[in-house]
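Engineer: Before anything else, here's the structure in question.
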Amino acid sequence: MTNIKACLFDLDGVIVDTAKYHFIAWRELAAELGFEFTEENNERLKGVSRMTSLEILLEVGGVSLPEEKKIQLADQKNERYVSYIAKMTPDEILPGVVDFLNQLKKAGIKTAIGSASKNTPIILERLKLSHYFDAIIDGNKVSKAKPDPEVFLKGAEALGVLPSDCVVFEDAAAGIEAAINGGMRCVGIGQPEILGKANMVVPGFENFGLNELMKLGNGQ
Ligand code: G6P
Ligand code: MG
């Protein structure tokens, strides 16, 4: 193998499509506040922390509220979101993910989760994936949001691997920037128009394995 010693995965949109549950919960909150929140608006929330997501939603609705009320609304949205994700099953793991994780394990490449979500533990537990990862760095363990590289740097540190020996998998532009800011190579999961700064962009893991990973491993 080349100089790739670890793969760091974002969770939402990379391992599982939780964006749809976030969307339903935010849309319900917007409806209660008296405005419409569209799927297009929801795109802006990908990779963004819970409180910043609320700020964006309130901006869309042209609503301004005191801090205390905002915290209450974010809690309310999260309770709803948790009630949806609590029903998730391993069937919702995105295609090709488990296969790729198994290939990495066999090849001795370490793995970590690097996600802004404070709900990471419950999601991994529902998907029965917790044991696949050597380290889990989530929204409960970081203070700086992507594009700050903190979440991935902490992941590399927990694995005992240099940032330059890591590859990050991300579906959000801010996450790609975080990887670059941390001195890591990255694979965009999604559309090249949005993730153009990544070293490689693929639609998902269905046709992505060790061979494709190796293409990134020549010390670029
Ligand atoms: C991920 C998602 C965002 C979400 C954030 C916080 O980055 O892509 O849409 O807002 O996590 O999630 P949480 O589960 O803590 O509300
Ligand atoms: Mg994501």
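Per the numbering used here, residue 22 is the first one in the sequence shown, and the count goes up by one each step. Think of the CB as a built atom: it goes at the ideal place given N, C-alpha and C, for glycine as much as any other residue. Owing to the predicted nature of the structure, the values given are computational and were not obtained by experimental measurement.
Which term fits His-152, buried or exposed, when burial requires 16 or more other beta carbons within 10 angstroms of its beta carbon?
Structural biologist: Burial call: exposed.
Engineer: Closest to Ala-156 by C-alpha separation, out of Arg-147, Ala-166, Ser-164, Val-172, would be which residue?
Structural biologist: Comparing Cα positions, the closest option is Val-172.
Engineer: How should Lys-236 be labelled, buried or exposed, when 16 other C-beta atoms within 10 angstroms of its C-beta is the threshold for buried?
Structural biologist: By the 10 Å Cβ count, Lys-236 comes out exposed.
Engineer: Is it right to say Pro-184 is buried, meaning 16 or more other beta carbons lie within 10 angstroms of its own, or is it exposed?
Structural biologist: Classification of Pro-184: buried, given that the 10 Å Cβ count is 16 or more.
Engineer: In chain order, which continuous runs of the alpha helix (DSSP H) of length 4 or greater are located wholly inside the stretch 180–225?
Structural biologist: Whole alpha helix (DSSP H) segments, 4+ residues: 194–202, 213–216.
Engineer: Along the chain, where does the beta strand (DSSP E) containing Ile-36 start, and where does it finish?
Structural biologist: It is not in any beta strand (DSSP E) - Ile-36 carries neither H nor E in the DSSP assignment.
Engineer: What residue ranges within the stretch 74–149 form continuous beta strand (DSSP E) runs of no fewer than 3 residues, ordered along the chain?
Structural biologist: As far as the stretch 74–149 is concerned, its whole beta strand (DSSP E) runs of at least 3 residues are 131–135.
Engineer: For the alpha helix (DSSP H) containing Leu-234, list its first residue and its last residue.
Structural biologist: Unbroken alpha helix (DSSP H) run through Leu-234: 231–235.
Engineer: Does the stretch 33–49 come close enough to the stretch 61–72 that 3 or more CB-CB pairs lie under 8 Å?
Structural biologist: Yes: the two stretches touch, three or more of their Cβ pairs being nearer than 8 Å.
Engineer: Given the structure, does Gly-34 come close to the ligand MG, in the sense that its CB is under 7 Å from one of the ligand's heavy atoms?
Structural biologist: Yes, the beta carbon of Gly-34 sits closer than 7 Å to at least one heavy atom of the ligand MG.
Engineer: Please return the same chain residues whose Cβ sits closer than 7 Å to the Cβ of Leu-94, not counting the five positions on each side in sequence.
Structural biologist: For Leu-94, where only same-chain residues beyond five positions count, the Cβ hits under 7 Å are Leu-50, Leu-75.
Engineer: Leaving out five residues on either side along the sequence, give the residues of the same chain with a beta carbon under 6 Å from the beta carbon of Asn-161.
Structural biologist: Lys-139.
Engineer: Apart from the five residues on each side of it in sequence, which residues of its chain come closer than 8 Å, Cβ to Cβ, to Asn-257?
Structural biologist: Lying outside 22 to 241, the shown extent of the chain, residue 257 is not represented and no answer is given.
Engineer: What are the boundary residues of the beta strand (DSSP E) that includes Ile-25?
Structural biologist: Looking at the DSSP string, Ile-25 is not in any beta strand (DSSP E), and its letter there is neither H nor E.
Engineer: Could you say which of Thr-132, Ile-25, Gly-117 lies nearest to Lys-175 if we only look at CA atoms?
Structural biologist: The shortest Cα separation from Lys-175 among Thr-132, Ile-25, Gly-117 belongs to Thr-132.
Engineer: In the DSSP assignment, what residue or residues form a beta bridge with Phe-173?
Structural biologist: According to DSSP, Phe-173 bridges with nothing at all.
Engineer: Could you pull out every residue in the same chain whose Cβ sits closer than 6 Å to the Cβ of Ser-70, ignoring the five residues on either side in sequence?
Structural biologist: Excluding sequence neighbours, Ser-70 sits near Ala-137, Ala-166.
Engineer: Between which two residues does the beta strand (DSSP E) containing Ala-156 stretch?
Structural biologist: Segment 156–158, the beta strand (DSSP E) holding Ala-156.
Engineer: Evaluate Leu-86 with the Cβ neighbour count: other Cβ atoms within 10 Å of its Cβ, from every protein chain shown; 16 or more gives buried, anything less gives exposed.
Structural biologist: With fewer than 16 Cβ atoms within 10 Å of its Cβ, Leu-86 is classed as exposed.
Engineer: Taking Val-119 as the reference, give the member of Ala-194, Thr-59, Leu-148, Ala-195 with the closest Cα.
Structural biologist: When each option's Cα is compared against that of Val-119, the closest is Leu-148.
Engineer: Run the proximity test for Arg-206: is its beta-carbon closer than 7 Å to any non-hydrogen atom belonging to the ligand G6P?
Structural biologist: The answer is no for Arg-206.
Engineer: Please state if the CB of Ile-158 and the CB of Ala-128 are separated by a distance shorter than 8 Å.
Structural biologist: No, the pair does not count as a contact, with Cβ atoms beyond the cut-off.
Engineer: Do you know whose CA, among Ile-92, Thr-141, Val-163, lies nearest Glu-107's CA?
Structural biologist: Per the sequence shown, residue 107 should be read as Ala rather than Glu. Closest by alpha carbon: Thr-141.
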